[in-house]
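Below you'll find the structure, written out as structure tokens, and then a few comments.
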Amino acid sequence: MASRDVFTADEVSEVMSRENVFDGAFECLRRIWSDPKALEARQLSSSEYRARQLERELEKLYSPLYDDLVGQMGGHPVASAESGSVVIMDALSLREGFQLEREFQEETDWEVELDWAPVERLPSETNFITQAWFDSHAPSAVNRDDFRFVGDMNVPQLPGTSPEYVWTRYPDKRLESAMKGNYSTENVSDIYADVKALLEEIITESVHSEFLVSSDHGYINHLGNNPYSLRDDLEEGLSGKFSGRSREVANGYVYQQLEEAGVIKRANDHYMVAGHYSWTQRGGTKRIMHGGLSLPECMTPVLRINTETA
Numbered sequence: 003m004a005s006r007d008v009f010t011a012d013e014v015s016e017v018m019s020r021e022n023v024f025d026g027a028f029e030c031l032r033r034i035w036s037d038p039k040a041l042e043a044r045q046l047s048s049s050e051y052r053a054r055q056l057e058r059e060l061e062k063l064y065s066p067l068y069d070d071l072v073g074q075m076g077g078h079p080v081a082s083a084e085s086g087s088v089v090i091m092d093a094l095s096l097r098e099g100f101q102l103e104r105e106f107q108e109e110t111d112w113e114v115e116l117d118w119a120p121v122e123r124l125p126s127e128t129n130f131i132t133q134a135w136f137d138s139h140a141p142s143a144v145n146r147d148d149f150r151f152v153g154d155m156n157v158p159q160l161p162g163t164s165p166e167y168v169w170t171r172y173p174d175k176r177l178e179s180a181m182k183g184n185y186s187t188e189n190v191s192d193i194y195a196d197v198k199a200l201l202e203e204i205i206t207e208s209v210h211s212e213f214l215v216s217s218d219h220g221y222i223n224h225l226g227n228n229p230y231s232l233r234d235d236l237e238e239g240l241s242g243k244f245s246g247r248s249r250e251v252a253n254g255y256v257y258q259q260l261e262e263a264g265v266i267k268r269a270n271d272h273y274m275v276a277g278h279y280s281w282t283q284r285g286g287t288k289r290i291m292h293g294g295l296s297l298p299e300c301m302t303p304v305l306r307i308n309t310e311t312a
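Letter by letter, the sequence shown follows residues 3 to 312 in this note's numbering.
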């Protein structure tokens, strides 16, 4: 098996035998992203490749993978929170979630647990999620007494309600500015360090002791090698029809061809690029993207923190 360095045959059987295959995938992803060096520049390409390889093999072994993922959308824990502080970090992915769990467990006396939940709806883009959760087109436009938008690294006075909602523009803001085109101006590990510091300040400034930390969606990082290959005609079709990882449904042979090849999937009125397919675009390929249908985009971290100690 191509992914034997990620998981063994016995582990594959364990993944496939679970009632929810994504719970098994979550534990396999834990093996990759809980490594203390997983986000560092020298290891990031390898970590990304192993995660892509894992998803590619799971899709081959379990063909309903993406249909099942779509079927589980909705009912995110953020939507049903009844108390405490709910912190939504834009584009926080399982990559960062596993690191936060490990480091907070090592460095604090907090109770810290990490699980996952599918995104609230598709496409996995902020405007769709904000509409579903807060009936607004953007988090910066939400006008509620129990809600606070944090657009930079400075934490304002928090609502103090129960529940209170805090939506940060990070890490997405940093990822977008740092990973444009074919070059990166800073390391993902540096971005993660600032995101961790921002979360710690929010926890310090809040009146609450119980925190639900999650995200609206994850992201795809096109860094390094990719086991997802495209025929020339399919790559041409993607580059001609998609500027990002999703678009509204339209008629045409190209869409039919891409859908039959499993490159795109349809949910409601949108087509989404499945897995980790990438394509070359004029003016440089954007490396950080979301809005598609893949495990890192659609499996969001759910970090539960209790800062009260016995």
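Every residue, glycine too, gets a C-beta built ideally from N, C-alpha and C. Only a predicted model underlies this, so the values are computations on that prediction, with no experimental measurement involved.
Open item on the list: For the alpha helix (DSSP H) containing threonine 110, name the first residue and the last one.
Closed with: Counting along the chain, threonine 110 falls outside any alpha helix (DSSP H), and DSSP gives it neither H nor E.
Task: Simplified DSSP assignment, three categories, for lysine 267 - done: DSSP places lysine 267 in strand when its eight states are reduced to three.
TODO: Hey, could you find the ends of the alpha helix (DSSP H) tyrosine 194 is sitting in?
DONE: Per DSSP, tyrosine 194 belongs to the alpha helix (DSSP H) from 190 to 207.
- [ ] Specify the secondary structure class of aspartate 37 as computed by DSSP and reduced to three states.
- [x] Aspartate 37: coil per DSSP, three-state reduction.
- [ ] Please name the residue in Val275, His219, Asp70 whose C-alpha comes closest to that of serine 245.
- [x] Among Val275, His219, Asp70, the Cα nearest to that of serine 245 belongs to Val275.
Task: Cβ distance (whole Å) where serine 1 is taken to contact histidine 219 below 8 Å - done: Only positions 3 to 312 of the chain appear in the structure, and residue 1 is not among them; the question remains open.
Open item on the list: As an exercise, report each continuous alpha helix (DSSP H) stretch of at least 4 residues that is fully enclosed by the segment 33 to 92, in chain order.
Closed with: Assignment of alpha helix (DSSP H) within the segment 33 to 92, counting only whole runs of 4 or more residues, yields 43 to 63, 67 to 73 in chain order.
TODO: Whole angstroms is fine: what's the gap from glutamate 103's alpha carbon to glutamate 59's?
DONE: Distance between the alpha carbons of glutamate 103 and glutamate 59: 27 Å.
TODO: Report the three-state DSSP secondary structure of proline 298 (helix, strand or coil).
DONE: In the three-state reduction of the DSSP assignment, proline 298 falls in the helix class, which pools H, G and I.
Open item on the list: Rounding to the nearest angstrom, what Cα-Cα distance links cysteine 30 and proline 303 in this structure?
Closed with: Their backbone Cα atoms lie some 14 Å apart in a straight line.
Task: Neighbourhood of asparagine 308 by C-beta distance below 7 Å, restricted to the same chain and skipping five residues each side - done: Same-chain partners within the cutoff: Trp112, Glu113, Ser211, Glu212.
Open item on the list: For isoleucine 204 and valine 157, which I take to be in contact (beta-carbon distance under 8 Å), what is that distance rounded to the nearest angstrom?
Closed with: At roughly 6 Å, the Cβ-Cβ gap stays under 8 Å, so isoleucine 204 and valine 157 are in contact.
Task: Three-way DSSP call (helix, strand, coil) for proline 303 in this model - done: If DSSP states are grouped into helix, strand and coil, proline 303 belongs with the strands.
Task: Per-residue burial, histidine 292 [other beta carbons within 10 Å of its own, 16 or more giving buried] - done: The residue in question, histidine 292, is buried, as its Cβ has 16 or more Cβ neighbours within 10 Å.
TODO: Measure the CB-CB distance between arginine 150 and valine 168 and report whether it falls below 7 Å.
DONE: Contact: yes.
Open item on the list: Taking the beta carbon of methionine 18 as the centre, do at least 16 other beta carbons fall within 10 Å, making it buried, or is it exposed?
Closed with: By the Cβ-count criterion, methionine 18 is exposed, with fewer than 16 other Cβ atoms from all chains shown falling within 10 Å of its own Cβ.
TODO: Output the boundary residues of the alpha helix (DSSP H) element that contains glutamate 261.
DONE: Residues 255 to 262.
- [ ] State yes or no: is the C-beta of serine 47 within less than 7 Å of the C-beta of leucine 160?
- [x] No, they are not a contact pair.
Open item on the list: Considering Cα atoms alone, identify which of Glu178, Ile193, Ser36, Glu108 is closest to leucine 96.
Closed with: When the alpha-carbon of leucine 96 is set against those of Glu178, Ile193, Ser36, Glu108, the nearest one is in Ser36.
Task: Length of the line joining the Cα atoms of glutamate 84 and isoleucine 290 - done: The C-alpha of isoleucine 290 is placed about 33 Å away from the C-alpha of glutamate 84.
Open item on the list: Please report the distance separating the alpha-carbon of serine 82 from that of glutamate 105.
Closed with: Straight through space, the alpha carbons of glutamate 105 and serine 82 are spaced by roughly 27 Å.
Open item on the list: Just verifying my parser: in three-state terms, what is the DSSP assignment at valine 251?
Closed with: Reduced to three states, the DSSP call for valine 251 is coil.
Task: Residue burial classification, arginine 176 (beta-carbon count within 10 angstroms, cutoff 16) - done: The residue is buried, with at least 16 neighbouring Cβ atoms inside 10 Å.
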